[in-house]
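So the structure is just underneath, and the comments pick up after that.
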Amino acid sequence: MSTPSDDPPAYKSEDEESIPNDIAETDAVLPGAPSETTALLGRPTSLNGSSERTLTLIQMVELNAFWYSYQLYWFLVFVVIVPRQIQQIAGDKGKGSAISLVSLFAGVLNLFLAVFVGAMNDRVSGSSGKRHPWIVMGSIGMCLCLFLLWPTNSLWFYVIGYGCLTASTVIASVPFNGLIADVTPTEQKARVSAIMGGMNLIGYLSGAVVGIFAEQMGTVPLYIFMCTCVCLGTYLTVGRGPREPEKNYVVRVPPPIEWKPFLIAMVSPLWLHRDFALVFTSRFLFQLGIATIQQFMQYWISDCVSTTFPPQRAVSVALLPLFILSPIAAFFLPPTNRKLTVYLSTCLMIITCLILISARTFAFALLASAVFGAGYGPFLSTEFAMLMDVLPNQVDAAKDMSLWHSALVWPQIISLPIAGFIRDAGQMYFVAGALVTKAIRGVV
């Protein structure tokens, strides 16, 4: 889509004229990567890799291996580690406000850092590629920063440690999304998106299983296990997965940034590209409803459901049907008719709300989890495929994906202060998300 002359500046692409004072790419020489990083970034020469090279099933799985380890890591951090450690630091009376403070700080940091990292990642490339070095650096940070989360810390040190961990995950995950867009052929978008959604949910499932035994494992062995998973997933994606397009290995660095046009250009797709804005809005509305279900289900199990499990284990067990059914449902996702998939997922998510309202036994918690999983898996795969369908500019893929990613973060920031209202109105978010999806012209 062409940009009128009076519109905000856009990033320079390979097919467009450069905009003054922007961060367009220029050739420069970068020093070589450290030997250990270079070794990790090596891969078979048979994968010449272009954005339109057909991927085999094994390559798709290797490509998404990092995403599996990332989701396993985050489930254990978010559901198992942080709530327990915050309770140990702040006590029962102060745990609510303490975890709100941690979540708020990390959410705001995530929101702004994701867009910035995406924009910079799109503009910097070197002899080791454009996406892979960032994924490796972020993964190393995820492993190191995990050991900053310790129940003997002060609350403010814990907030800082959690912020460092959040920054590391952004540095790894945002370029990974750009890598998916770079190496996925147009005709394989639906299948790659389905596998990515499946890896997402299998990672959650693995995290839930590990979470059941987290107390018996102890903190240090649990952290070592998580770091091992992250390193293995990163190696499979970077060292064994599809090679980046050849243009990503041309050494380029951006000139100094003019901040005003830089910031305007980062968010300009929200008003310059209608379908992208609608996909963003749809994801935001759905995420409000999804966050409501997740938060409400945890409180419901601990406060209203009679069970012999400890609260931490009860939540992990209750979520198992969700994580088992979600990848199965996503695997049978049809390659076309994405809007219909969203509509059906909406109905199943609303049914989950009705079950939670009327049920009071643990068996119904398992039923609600299963119904939600049957809708959540296909939705998760479809909405990423819709995003790739409507990306405004392939050259700015990581930047635009990180902007879309903020639609996942905003609900986390605003849901805690108004959790009661969100709980009562949760079903309407799913309906609103489906209505916005209906208006997207670039998706069938």
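Residues in the sequence shown are numbered consecutively from 1, following the UniProt record's numbering.
The C-beta atom is built at its ideal place from N, Cα and C for all residues, glycine as well.
Around the Cβ of residue i, are there at least 16 other Cβ atoms within 10 angstroms (buried) or fewer (exposed)?
| i | result |
| --- | --- |
| threonine 228 | exposed |
| alanine 434 | buried |
| cysteine 353 | buried |
| glycine 373 | buried |
| threonine 26 | In this prediction, threonine 26 has a pLDDT of 32, which is less than 50 and means its spatial position is unreliable; nothing more can be read from the coordinates. |
| alanine 39 | Below a pLDDT of 50, predicted positions are generally treated as unreliable, and alanine 39, at 31, falls in that range; the measurement from the model is reported next regardless. Exposed, because fewer than 16 other Cβ atoms sit within 10 Å of the Cβ of alanine 39. |
| tryptophan 271 | exposed |
| alanine 181 | buried |
| arginine 441 | exposed |
| proline 378 | buried |
| isoleucine 58 | exposed |
| isoleucine 357 | exposed |
| tryptophan 259 | exposed |
| alanine 10 | Any reading at alanine 10 needs caution, since the residue's pLDDT is 38, under 50, leaving its predicted position unreliable; the model's value is listed next. Classification of alanine 10: buried, given that the 10 Å Cβ count is 16 or more. |
| glycine 375 | buried |
| threonine 346 | buried |
| arginine 71 | It is glutamine, not arginine, that sits at residue 71 in the sequence shown. Its Cβ being crowded by 16 or more others within 10 Å, glutamine 71 is buried. |
| glutamate 14 | Low confidence applies to glutamate 14: its pLDDT is 39, below 50, so where it sits in the model is not reliable enough to give any reading. |
| valine 220 | exposed |
| glutamate 383 | buried |
| serine 97 | exposed |
| phenylalanine 286 | buried |
| phenylalanine 280 | buried |
| proline 269 | buried |
| glycine 118 | buried |
| proline 261 | buried |
Our contact map puts residue i next to residue j with C-beta atoms below 8 Å; I'd like the distance itself, whole angstroms only.
| i | j | result |
| --- | --- | --- |
| glycine 197 | serine 381 | 3 Å |
| glycine 126 | valine 251 | 5 Å |
| serine 282 | valine 436 | 4 Å |
| methionine 266 | lysine 95 | Not a contact, Cβ separation roughly 36 Å. |
| glycine 207 | leucine 76 | 5 Å |
| methionine 388 | serine 193 | 7 Å |
| residue 446 | histidine 273 | A question about residue 446 goes unanswered here, because the residues of the chain that appear run from 1 up to 444. |
| arginine 360 | cysteine 304 | 6 Å |
| valine 209 | tyrosine 73 | Actually they do not touch by this definition, with Cβ atoms about 14 Å apart. |
| tryptophan 134 | asparagine 153 | Between asparagine 153 and tryptophan 134 the Cβ distance is about 28 Å, and since that is not below 8 Å, they are no contact. |
How about residue i and residue j: do their beta carbons lie closer than 8 Å?
| i | j | result |
| --- | --- | --- |
| lysine 189 | alanine 385 | yes |
| cysteine 170 | leucine 113 | The question names cysteine, but residue 170 in the sequence shown is valine. In this structure, leucine 113 lies closer than 8 Å to valine 170 by Cβ. |
| glycine 107 | valine 409 | yes |
| phenylalanine 66 | glycine 233 | yes |
| isoleucine 89 | leucine 155 | yes |
| leucine 55 | proline 245 | no |
| leucine 165 | methionine 142 | yes |
| proline 327 | leucine 236 | no |
| tyrosine 68 | methionine 226 | no |
| cysteine 145 | glycine 129 | no |
| aspartate 275 | valine 390 | yes |
| arginine 131 | asparagine 248 | yes |
| leucine 63 | proline 242 | yes |
| isoleucine 355 | alanine 368 | yes |
| proline 411 | leucine 288 | yes |
| valine 115 | glycine 211 | no |
| leucine 320 | leucine 222 | no |
| glycine 178 | phenylalanine 105 | no |
| leucine 278 | alanine 439 | yes |
| alanine 407 | phenylalanine 284 | yes |
| alanine 363 | isoleucine 301 | no |
| leucine 348 | valine 371 | yes |
| leucine 148 | glutamine 85 | no |
Between which two residues does the alpha helix (DSSP H) harbouring residue i extend?
| i | result |
| --- | --- |
| phenylalanine 225 | 219-234 |
| glutamine 71 | 65-75 |
| tyrosine 204 | 189-212 |
| threonine 352 | 338-358 |
| lysine 260 | 259-267 |
| tyrosine 376 | 362-390 |
| glycine 239 | Taken as a continuous stretch (DSSP letters only), glycine 239 belongs to no alpha helix (DSSP H), as it is neither H nor E. |
| tryptophan 150 | That residue, tryptophan 150, is in no alpha helix (DSSP H); it is neither H nor E in DSSP. |
| phenylalanine 78 | Premise fails: phenylalanine 78 is in no alpha helix (DSSP H) and is neither H nor E. |
| leucine 165 | 155-183 |
Would you check whether the ligand ZN has a heavy atom nearer than 7 Å to the C-beta of residue i?
| i | result |
| --- | --- |
| threonine 184 | Absence of the ligand ZN from the depicted structure is noted, as is the absence of any ligand whatsoever, leaving it without description. |
Touching or not, the segment 334-351 and the segment 310-319, by the rule of three or more beta carbon pairs under 8 Å? no
Is it a yes or a no for the segment 171-189 touching the segment 129-140, going by three-plus beta-carbon pairs under 8 Å? yes
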